[in-house]
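A.B. asks: Residue numbers for the sequence shown, in my numbering: 32 to 95. Using N, Cα and C, we set each Cβ at its ideal position, and we do this for glycine too.
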Amino acid sequence: MKGDNNIACWMHGYEYNVFTGKLENMKSWKKEDTWMEQSSEWSRSGDLTLYKIMEKDGTIYVCL
């Protein structure tokens, strides 16, 4: 979990808000200042899909 309301993708490091699903932070892949940033199209990400959840007696239910 990143910050109070964000989760991060383990593969890309993109951070999403857990309440809205919105992409909030996308890390740069530049290793050095001399590297040119790639086209933003290749790293674009949509928002996460949010699902209604419920916990009852220690079991978590997800409405799909």
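Looking at the structure shown, is K87 part of a helix, part of a strand, or coil, going by DSSP?
C.D. replies: If DSSP states are grouped into helix, strand and coil, K87 belongs with the strands.
A.B. asks: Do you know how far the Cα of G77 is from the Cα of N37?
C.D. replies: Distance between the alpha carbons of N37 and G77: 15 angstroms.
A.B. asks: Among all the DSSP beta bridges, which residues are the ones paired with E46?
C.D. replies: Partner(s): A39 and N56.
A.B. asks: Determine the DSSP secondary structure at Y92, reduced to helix, strand or coil.
C.D. replies: Here Y92 sits in strand by DSSP.
A.B. asks: Whole angstroms are fine: how far does the CA of N48 sit from the CA of E83?
C.D. replies: One detail in the question is off: residue 83 reads as Lys in this sequence, not Glu. Each residue's alpha carbon lies about 15 angstroms from the other.
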